[in-house]
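In terms of the UniProt record's numbering, the sequence shown opens at residue 1 and continues consecutively.
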Amino acid sequence: MFNSASVEPASVASVTIGTTHFVNAVITRDRTRLSRVAVLRLGAPFSKHAPPCIDWPSPLRNLILGHHALLKGGLEVDGNLISDIRKNQIVEQCKIIKEKGIKSIVVNGIFSPIDTVERQEERAAEIVKRELGDVDVVLSKTVANLGFLERENAAILNASVLSFARQTIASFQEPIKKLGLTCPVFITQNDGTILSGDAAACLPIRTFSSGPTNSMRGAAFLVGKQDHGEAMMVVDVGGTTTDVGLLLANGFPRQQAAYSELSGVRMNFSYPDVKSIGLGGGSLVRRIEGKMHVGPESVGYKLPEKALVFGGDTATATDYTVAGASDVAIGDPSKVHGKLSDDDVAAFKTETKRMLESIIDTMKTSPEDLPVLLVGGGAVIAPDELKGASRVIKPQWSGVANAIGAAMARVSAVVDTVKSTEEKSAKEIQAEIEEEARQKTIEAGASADSVDIVEVESLPLPYIAHKSRFIVRAAGNFDYTRSADFARQHVSADTEDRKESVPQQEHDLDPSSTDSDAVEADPAVDVNFSTYEPKVIDREWHISETDLQWITIGCYILGTGGGGSPYSTMLRVRQMLRAGANIRVVSPDDLKDDDRIGSGGGAGSPTVGIEKLSADEMMDAQDHMYKLFPGGRATHIIPLEIGGSNGLQGLVLGASSNMNIPCVDGDWMGRAYPTKWQTTPVVFGEREIVFAPVSVADGNGNVLYMPTATSDLKVEQVIRAALSQMGSHVGTADGPVTGAETRRWAVEHTISLSWRIGKEVARARKENRIDNVAESIIDAVGGPETGRVLFKGKIVGVERKLWMGHIYGEVIVEGSEGTEFSGKIKIPFKNENIAAIRLHEGVESKTGEEKNEDVLAIVPDLISVIDAQNGEAIGTPEYSPKGIEIGGPKGFGLNHLEYRPLGKFVKPVSVIDEYDGN
1 MFNSASVEPA SVASVTIGTT HFVNAVITRD RTRLSRVAVL RLGAPFSKHA PPCIDWPSPL
61 RNLILGHHAL LKGGLEVDGN LISDIRKNQI VEQCKIIKEK GIKSIVVNGI FSPIDTVERQ
121 EERAAEIVKR ELGDVDVVLS KTVANLGFLE RENAAILNAS VLSFARQTIA SFQEPIKKLG
181 LTCPVFITQN DGTILSGDAA ACLPIRTFSS GPTNSMRGAA FLVGKQDHGE AMMVVDVGGT
241 TTDVGLLLAN GFPRQQAAYS ELSGVRMNFS YPDVKSIGLG GGSLVRRIEG KMHVGPESVG
301 YKLPEKALVF GGDTATATDY TVAGASDVAI GDPSKVHGKL SDDDVAAFKT ETKRMLESII
361 DTMKTSPEDL PVLLVGGGAV IAPDELKGAS RVIKPQWSGV ANAIGAAMAR VSAVVDTVKS
421 TEEKSAKEIQ AEIEEEARQK TIEAGASADS VDIVEVESLP LPYIAHKSRF IVRAAGNFDY
481 TRSADFARQH VSADTEDRKE SVPQQEHDLD PSSTDSDAVE ADPAVDVNFS TYEPKVIDRE
541 WHISETDLQW ITIGCYILGT GGGGSPYSTM LRVRQMLRAG ANIRVVSPDD LKDDDRIGSG
601 GGAGSPTVGI EKLSADEMMD AQDHMYKLFP GGRATHIIPL EIGGSNGLQG LVLGASSNMN
661 IPCVDGDWMG RAYPTKWQTT PVVFGEREIV FAPVSVADGN GNVLYMPTAT SDLKVEQVIR
721 AALSQMGSHV GTADGPVTGA ETRRWAVEHT ISLSWRIGKE VARARKENRI DNVAESIIDA
781 VGGPETGRVL FKGKIVGVER KLWMGHIYGE VIVEGSEGTE FSGKIKIPFK NENIAAIRLH
841 EGVESKTGEE KNEDVLAIVP DLISVIDAQN GEAIGTPEYS PKGIEIGGPK GFGLNHLEYR
901 PLGKFVKPVS VIDEYDGN
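Shown next as structure tokens:
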């Protein structure tokens with residue numbers, strides 16, 4: 001056995017700690033460790049419909065969010081000002097913040113991560129510091145990257161734990177000094193790399209998933225490169241929480257998608273797909289109203305003082321484990337043997353087993369059993385058999401898996417920015433950013449010769465001339481020759497008058513309160529799928545939150561890779577529902593000939609959409625349309641396109657107070673297309689011009705009205721030309737068409753189609769059938785004649801270029817060996833996916849020529865690519881000959897390819913027809 005006491009202090013180069021203290025404070029909603037936060041947004045009027053913490057569980061939002069205000073400021077994507085900041089506005093908010101006693105403030109500006117010139121967040125922070133003195137001011141740009149809501153969420157959580165983080169890190173550093181160690185203390189962060197102590201004290205959120213990350217990396221080490229080369233679930237049981245993640249066959253944790261979620265809060269951190277529950281060795285065990293509760297409250301690190309087996313007075317999970325197992329020797333077993341009732345011990349075991357099986361089941365993507373690897377100091381409380389586990393493995397040294405993972409950590413840095421490619425090539429700019437990332441990594445402590453660029457992504461921004469987003473990550477080994485540089489750093493805990501925590505509320509005095517364990521229901525999943533029926537009265541479908549969630553999922557899939565994320569629009573519709581709005585959908589079959597059907601949607605860059613959230617541009621465009629249009633206001637609204645964010649705009653506009661009209665169950669595309677002229681009204685050709693008059697608004701007071709045009713193509717060209725001067729994202733309103741025209745032109749029942757797709761995805765998630773969700777979707781929308789699973793695999797390459805405002809490129813997907821989906825396919829795209837093409841190497845055709853590729857599917861077929869959290873492609877509508885010209889291969893410049901339908905069109909079943917009168 002290795003004896004650490006024999007190690008000379010001078011020979012210790014560094015101490016690396018992986019901690020769950022900060023994330024535990026959030027998960028358990030510990031009022032003594034979380035500070036109230038004030039949020040100052042810079043960017044009015046944008047984001048007005050999505051206030052801070054809009055998508056948080058209400059108990060956590062009520063706990064942390066103390067104040068918020070939307071102020072002038074913010075940048076456009078090209079670096080121009082939405083508005084400059086107003087000192088008087090900030091000073092006025094500081095007075096309110098001071099009155100409320102809040103000492104943690106977040107400043108979040110639109111496009112702040114690319115703001116290197118105006119320094120709006122920095123200038124606002126200087127004003128706050130001058131007005132409020134010794135307070136914490138967190139700049140959102142220092143916490144996370146592009147993605148306004150997600151960056152703000154991360155910044156708020158970071159601000160809330162800052163005071164506790166300083167106290168904790170100081171408590172780490174003091175014993176290190178007492179041991180005579182002069183080495184630096186590092187904290188591991190979410191990606192398995194390390195932060196210096198002072199950096200972690202400023203950005204504790206970057207350590208939130210370091211515990212499970214370290215444990216999963218350590219677990220992979222403990223079982224070799226992998227146990228029989230198979231995926232396994234890692235269950236890391238600590239003192240307060242249990243973290244569960246999937247360790248892939250390659251020995252690396254499964255990563256979350258573009259966004260991560262913690263305790264119901266969505267953030268734009270990339271880290272392993274890990275879910276946490278309040279279960280650990282220190283969890284409190286008690287009966288409340290006859291039911292056994294285990295956690296989420298915990299004695300945590302005070303287990304050796306508080307637990308019964310150590311002479312304490314608190315019944316913990318460890319006590320009940322010792323009482324129920326004669327072979328578990330922790331503390332003094334005689335203090336619990338025979339002193340905890342057999343019924344309570346049995347109930348504890350049942351509840352613990354249920355909690356673990358539930359979280360494992362949630363993390364699985366298929367119903368098959370898989371190995372479960374138990375690690376962590378609290379693993380002793382877990383049973384040896386679990387439902388859903390093919391076997392339960394407790395490797396030797398499993399209790400120190402976290403330490404092993406921490407010892408393997410490296411140093412890293414990331415640069416995420418938007419740059420102009422007008423004067424320099426993308427290649428030259430990328431090289432400069434790579435060098436910047438290397439230097440940041442070296443500054444963080446890496447040795448120069450060990451730094452590698454481990455991730456590079458270049459994303460040209462659609463509809464924005466000469467702008468690209470670059471994301472570069474570098475990593476290297478710590479340079480131990482520079483240990484002294486980091487050893488000098490020291491974090492001081494807050495003094496008593498500096499500390500501030502969330503005030504205790506009256507109901508918290510009840511020790512049996514389980515509010516901290518409250519989890520808001522997910523309306524998409526937490527329903528009985530076999531009995532749920534939408535509310536349809538007199539052939540009007542009244543949208544519920546469950547309907548909205550399913551429609552949102554379906555809209556994104558129908559976007560076929562484009563259309564922008566509907567997430568922020570969904571939040572807006574949800575807020576309207578919760579405020580009492582009646583959101584109605586009617587069938588196009590029920591329209592009268594003389595009804596007036598308006599249309600509206602957004603145009604511009606999806607990258608702008610994730611940062612500059614909506615103001616009132618959609619409604620401004622509608623209002624100005626009907627001020628100038630002589631034909632009268634619309635009686636109904638129809639989405640321009642069902643794919644992506646625009647698929648929900650009909651619900652927003654229809655339910656708004658100054659319209660209050662139903663939305664038609666249909667759209668003009670049946671998907672997402674890059675341009676307005678690629679629509680069914682243009683295909684039918686019954687009018688010389690459909691999309692004039694048109695009104696365009698930027699949400700910041702600028703409105704364009706175009707009463708006439710020579711063609712629908714010219715309308716599109718004018719709007720695209722105006723985009724760059726209107727913030728690269730606008731709302732549009734089209735002059736209304738008649739009900740009779742809508743019945744002929746609309747792609748029918750596409751809101752119903754979105755609903756059915758989303759329902760199947762939600763059902764697959766609940767039943768852990770993500771692996772075959774594509775097949776379920778196809779069955780739900782018409783069966784195998786309507787669609788096909790083309791391929792399953794992983795993305796191994798992406799190329800992009802910007803031409804005439806649109807993103808062109810291709811995705812390469814590689815199938816898994818030994819499955820029916822072997823080899824590779826490529827998916828060319830122009831904003832949306834254009835085709836799916838199988839690639840061949842060295843295969844000859846019947847003519848003797850080398851055959852390099854087969855077209856599996858091509859537009860106007862819908863080609864969707866989704867990850868394990870979503871669904872797969874759906875069936876195809878058949879177009880007229882002119883429709884193929886506009887929306888088929890030639891419409892995307894692929895003149896050498898011919899459209900052959902993938903399947904047969906089956907008209908989507910109307911939700912209204914199915915459920916009316918039920």
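Built from N, CA and C at the ideal position, the CB exists for glycine as well.
Cβ-Cβ separation, residue j to residue i (assumed contact under 8 Å), whole Å
| i | j | result |
| --- | --- | --- |
| residue 571 | residue 64 | Actually they do not touch by this definition, with Cβ atoms about 18 Å apart. |
| residue 280 | residue 298 | 6 Å |
| residue 758 | residue 583 | At roughly 16 Å, the Cβ-Cβ gap does not stay under 8 Å, so residue 758 and residue 583 are not in contact. |
| residue 812 | residue 824 | 6 Å |
| residue 147 | residue 110 | Incorrect: roughly 11 Å between the Cβ atoms, too far for contact. |
| residue 121 | residue 107 | 5 Å |
| residue 387 | residue 357 | 5 Å |
Simplified DSSP state of residue i, which is helix, strand or coil
| i | result |
| --- | --- |
| residue 745 | helix |
| residue 358 | helix |
| residue 214 | helix |
| residue 44 | coil |
| residue 416 | strand |
| residue 849 | Because residue 849 carries a pLDDT of 44, less than 50, the predicted location of this residue cannot be relied on, and the following value inherits that uncertainty. Three-state DSSP puts residue 849 in coil, outside helix and strand. |
| residue 7 | coil |
| residue 685 | coil |
| residue 547 | helix |
| residue 243 | strand |
| residue 80 | coil |
| residue 75 | strand |
| residue 755 | helix |
| residue 805 | Model confidence at residue 805 stands at a pLDDT of 44, short of 50, so the residue's coordinates are unreliable and nothing is read from them. |
| residue 571 | helix |
| residue 844 | Below a pLDDT of 50, predicted positions are generally treated as unreliable, and residue 844, at 44, falls in that range; the measurement from the model is reported next regardless. Three-state DSSP puts residue 844 in a strand. |
| residue 592 | coil |
| residue 457 | strand |
Distance CB(residue i)-CB(residue j) smaller than 8 Å
| i | j | result |
| --- | --- | --- |
| residue 916 | residue 664 | no |
| residue 691 | residue 623 | no |
| residue 153 | residue 265 | yes |
| residue 730 | residue 698 | yes |
| residue 286 | residue 315 | yes |
| residue 671 | residue 856 | no |
| residue 696 | residue 703 | yes |
| residue 539 | residue 586 | yes |
| residue 311 | residue 349 | no |
| residue 90 | residue 70 | no |
| residue 727 | residue 907 | no |
| residue 192 | residue 213 | yes |
| residue 248 | residue 234 | no |
Proximity test, Cβ basis, 8 Å: residue i and chain D
| i | result |
| --- | --- |
| residue 654 | Absent from the structure: chain D. Only one protein chain is present. |
Spatial neighbours of residue i in its chain, beta-carbon cut-off 6 Å, leaving aside the 5 residues before and after
| i | result |
| --- | --- |
| residue 564 | 606, 609, 644 and 645 |
| residue 33 | 25 and 164 |
| residue 442 | 448 |
| residue 529 | 763 |
Contact between the stretch 741–753 and the stretch 709–716: three or more CB pairs below 8 Å?
no
Could you say if the stretch 14–25 and the stretch 393–411 meet the contact criterion of at least three C-beta pairs nearer than 8 Å?
yes
Are the stretch 29–44 and the stretch 68–86 touching, with three or more C-beta to C-beta distances below 8 Å?
yes
Using a Cβ distance threshold of 8 Å, determine whether the stretch 319–326 contacts the stretch 345–363, with at least three qualifying pairs required.
yes
Are there three or more Cβ pairs, one per stretch, closer than 8 Å when the stretch 130–137 is compared with the stretch 586–599?
no
Three or more C-beta pairs under 8 Å: does that hold for the stretch 414–423 against the stretch 463–478?
yes
Would you call the stretch 192–203 and the stretch 232–248 touching, i.e. three or more CB-CB distances under 8 Å?
no
Pairs of beta-carbons, one from the stretch 171–178 and one from the stretch 632–651, closer than 8 Å: are there three or more?
no
Counting pairs of Cβ atoms below 8 Å between the stretch 184–198 and the stretch 367–382, do you hit three or more?
no
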